[in-house]
Amino acid sequence: MKQLAFLLLLSITFCTLPQQAMAQEEVSDSSTVAADEPEAIDMNKLISHHISNSHSWSIFGYKNEEGEEVEVKLHLPVMAYYKGDFLFTTSDSFEDGAKLEHNGNVYYLDDEHLRVEGSNEAPFDFSLTRNVVSMLLSCAILLLVFVGTARSYKKSSVPRGRHSLVEMMVLFVKDIADEQIGKEKSGKYTNYLLTLFFFIWFNNIIGLIPFFPGSSNLSGNISFTSILAIFTFILTNWNGSKAYWKHNFTVPGVPALMKVILIPVEIISMFTKPFTLLVRLFANITGGHILVLSLFSIIFIVHSYAMAIPSVLLAFMIFALELIFGALQAYIFTLLSALYIGLATNQEDHHE
Numbered sequence: 007m008k009q010l011a012f013l014l015l016l017s018i019t020f021c022t023l024p025q026q027a028m029a030q031e032e033v034s035d036s037s038t039v040a041a042d043e044p045e046a047i048d049m050n051k052l053i054s055h056h057i058s059n060s061h062s063w064s065i066f067g068y069k070n071e072e073g074e075e076v077e078v079k080l081h082l083p084v085m086a087y088y089k090g091d092f093l094f095t096t097s098d099s100f101e102d103g104a105k106l107e108h109n110g111n112v113y114y115l116d117d118e119h120l121r122v123e124g125s126n127e128a129p130f131d132f133s134l135t136r137n138v139v140s141m142l143l144s145c146a147i148l149l150l151v152f153v154g155t156a157r158s159y160k161k162s163s164v165p166r167g168r169h170s171l172v173e174m175m176v177l178f179v180k181d182i183a184d185e186q187i188g189k190e191k192s193g194k195y196t197n198y199l200l201t202l203f204f205f206i207w208f209n210n211i212i213g214l215i216p217f218f219p220g221s222s223n224l225s226g227n228i229s230f231t232s233i234l235a236i237f238t239f240i241l242t243n244w245n246g247s248k249a250y251w252k253h254n255f256t257v258p259g260v261p262a263l264m265k266v267i268l269i270p271v272e273i274i275s276m277f278t279k280p281f282t283l284l285v286r287l288f289a290n291i292t293g294g295h296i297l298v299l300s301l302f303s304i305i306f307i308v309h310s311y312a313m314a315i316p317s318v319l320l321a322f323m324i325f326a327l328e329l330i331f332g333a334l335q336a337y338i339f340t341l342l343s344a345l346y347i348g349l350a351t352n353q354e355d356h357h358e
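In this text, residue positions in the sequence shown follow the working numbering: the first is 7, and each later residue adds one.
Right under this line is the structure:
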């Protein structure tokens, strides 16, 4: 449990999340266009808004008596430090491009990035954005699930209900560690692999919930996946055996001329392994979100009721597959992390 809390809190500290704003373009009036012509929508910006991070969280929208669209938002805290000035406010201070003056500094949001007017130096921003709050939500759910499971074992050694499902998944990840690392050494890394699997899986599920407090795209953020991959990289190389390091920097058993080629390749491979981890998770989750939103967008692009049924059916099919892929991506990340750790810790020198 300590390893779980450590990983989650450290992820929050380092996760700086890029964002984009949502915008819409209106169709200009002309003599040949009817007055009730449907408003054109920039779907690229709309989809970008949904998969990006934000300093506010949309809850629901409605039309008031005047027919104007009203969006109810949860305005999240904006916290920053800039040259001795500590800023604490909420995101509604920057609504509709507004600027905020505080202790002689003028702050504003540029594509959801906090900036200081007249300065090229960005402030130290540690605001609670939508993705960060979603991460905290997943942490709370994880703690509730596993603390509840631990307490149930105090009452009975036989799990029941949802606790039996948790035990099955824990044993599943433990088997991965035993196979890839070995039963003799796997106990040292099982807690980390369990944290990876459930943390990624739960965040993927939250991201697929289409209403508040879901719809965040945390696993589709390159900073988030990079931090998880860096953890695996550090753990792998910190616990690497002597044979592992000898193989990477000397490549024993091959001619000296080949070492000139193989040693750089081996060193580069140390960094490409975690890179493939972060890119795979980021690309698959982001691609899934974009695909679902694109299928729904067909209705608004063609303005045809005939396309509504096939568009919605296809979107729900992809959505169902995304529920499976969310668990699959957590499994793949955990499996490859265990594989890389096993290769580094169990590598033996077979060369003379």
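Even glycine gets a Cβ: it sits at the ideal position worked out from N, Cα and C.
In this structure, Asn209 sits near Ser140, with a CB-CB distance shorter than 9 angstroms. Taken in chain order, the whole beta strand (DSSP E) runs of length 3 or more contained in the region 172-220 number zero. Short of 7 angstroms from the beta carbon of Ile212, and not among the five residues preceding or following it, lie these beta carbons of its own chain, in chain order: Ser140, Leu143, Ser144, Gly220 and Ser222.
In this structure, the CA atom of Ser99 is about 15 angstroms from the CA atom of Phe92. Distances from the alpha-carbon of Val179 to those of Gly193, Gly167 and Arg168 put Gly193 closest. Bounds of any alpha helix (DSSP H) do not take in Pro83; it lies within the beta strand (DSSP E) bounded by Pro83 to Tyr88. DSSP places Gly154 in the helix class (H, G or I) of the three-state scheme. Between the alpha carbons of Tyr311 and Phe325 lies a gap of roughly 21 angstroms.
Taking Phe239 as the centre and dropping the five residues before and after it, the same chain places the C-beta of Pro280 closer than 7 angstroms to its C-beta, in chain order. Asn126: not part of any beta strand (DSSP E); DSSP gives it neither H nor E. Trp63 has Leu80 as its beta-bridge partners, per DSSP. Residue environment: Thr201 is assigned as buried (16 or more neighbouring CB atoms within 10 Å of its CB, all protein chains considered). Taking C-alpha positions only, Glu173 is separated from Ser232 by approximately 29 angstroms. Cβ-Cβ separation between Gly226 and Ile57: approximately 6 angstroms, consistent with a contact (criterion under 8 angstroms). Of the candidates Leu199, Gly246, Val271 and Val318, the residue whose Cα lies closest to the Cα of Ser300 is Val318. Pairing Glu71 with Ser54, the inter-Cα distance amounts to about 30 angstroms. Counting every other CB atom within 10 Å of its CB across the protein chains shown gives Trp207 a total of 16 or more, marking it as buried. With respect to the C-alpha of Ala350, the residue from Tyr195, Ala321 and Arg168 having the closest C-alpha is Tyr195. Linking Val285 to Ile228 through their CA atoms gives a straight-line distance of about 8 angstroms.
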